[in-house]
Amino acid sequence: MKDYIIRKANIDDKCAIARIYVNSWKFAYKGIVPQGYLDSLSVEKYMERLKDQTELDEFLLVLNGDVIGLAKIIDCRDKDLCSGAEIQTIYFLPDFIGRGYGNLLLKWMIEYAGSIGYKNIVVWVLTENKRARKAYERVGFQKDKVKLVTIGGKELRETRYSLCL
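Take our numbering: the final residue in the sequence shown is number 277, and no numbers are missing along the way.
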C-alpha cells in the first residue's frame with residue numbers, strides 16, 4: 113500500500129465521487145438491493161445531484177494519483193448517542209475492494225473522529241452485507257441495534273455497529 117494519500121474532496125472531484133458511489137453500490141449490493149434499483153443508478157444522475165454543491169464533505173483515498181475510495185463522517189443521527197460520530201459512507205471502486213484499502217480508510221476515519229473530539233463512532237450496515245460487517249467487526253465495532261429500511265421498494269434490515277473512541 114504505497115503512494116496513497118487521504119484528503120478532503122474538492123469541487124473538481126465530483127465525477128470521481130459519482131463513479132465510486134454508483135459502481136460500489138452496483139457491486140456491494142448486488143443480490144441484496146433490488147436489481148432494478150441498482151440498474152437505475154448512473155454516474156450522470158449522481159452528477160446531477162452534486163451539480164449545485166459548492167463544498168464536498170467526503171474524504172478521498174487517492175492511490176498513485178487516482179481516487180479509488182471515499183468516506184464521509186457526520187454527527188451521529190441517532191438520538192441515543194451523544195458526542196457521537198457516524199460513518200455515513202465508505203465506498204471503493206470494485207477493483208480495489210478486498211485489497212486492504214477499506215481497512216486503511218476505516219482506521220483513518222476512526223482516528224480522525226477521535227482527534228476532533230468525538231467519544232464514540234457508529235456505522236449502519238445492511239445486515240446482508242457480510243463483507244462490510246466483517247470489516248467493521250475486525251477493527252472492534254460491536255453490533256448494538258437493528259432497524260428496517262426500504263431501498264428500491266424492498267424492506268431490508270440494517271445493523272448498527274458502534275465503537276468507543
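Just so it is clear, CB atoms sit at the ideal spot from N, CA and C, and this is done for glycine as well.
All of these numbers come straight from a predicted model, not from anything done at the bench.
Does the separation of the CB atoms of residue i and residue j fall below 8 Å?
i: N122; j: L168; result: yes
i: I202; j: L218; result: yes
i: C188; j: G196; result: yes
i: L277; j: I222; result: yes
i: L150; j: K138; result: yes
i: N241; j: I132; result: no
i: Q200; j: I185; result: yes
i: R269; j: T239; result: yes
Go to residue i, then tell me how far its alpha helix (DSSP H) extends in each direction, as first and last residue.
i: N135; result: 126-140
i: N215; result: 213-227
Which residues mark the beginning and the end of the beta strand (DSSP E) in which residue i is found?
i: Q200; result: 196-204
i: Q254; result: 254-263
i: R119; result: 116-120
i: K184; result: 178-187
i: S154; result: Run containing S154: none; DSSP gives neither H nor E here.
i: K266; result: 266-276
Between residue i and the rest of its own chain, which residues show a CB-CB distance below 7 Å, the 5 nearest in sequence each way excluded?
i: M159; result: K126, C127, A130
i: K120; result: F171
Does the Cβ of residue i have 16 or more other Cβ atoms within 10 Å, making it buried, or fewer, making it exposed?
i: E170; result: buried
i: E267; result: exposed
i: S136; result: buried
i: S274; result: buried
i: V261; result: exposed
i: V251; result: exposed
In chain order, what residues of the same chain have a beta carbon less than 8 Å from the beta carbon of residue i, not counting five sequence neighbours either side?
i: R211; result: none
i: Y213; result: M113, Y116, L173, L175, I180, G181, F204
i: K142; result: L150
Please report whether the beta-carbon of residue i lies at a distance below 8 Å from any beta-carbon of chain D.
i: V179; result: Of the protein chains in this structure there is only one, and it is not chain D.
Three-pair Cβ contact test at 8 Å for the region 228-246 versus the region 254-269: yes
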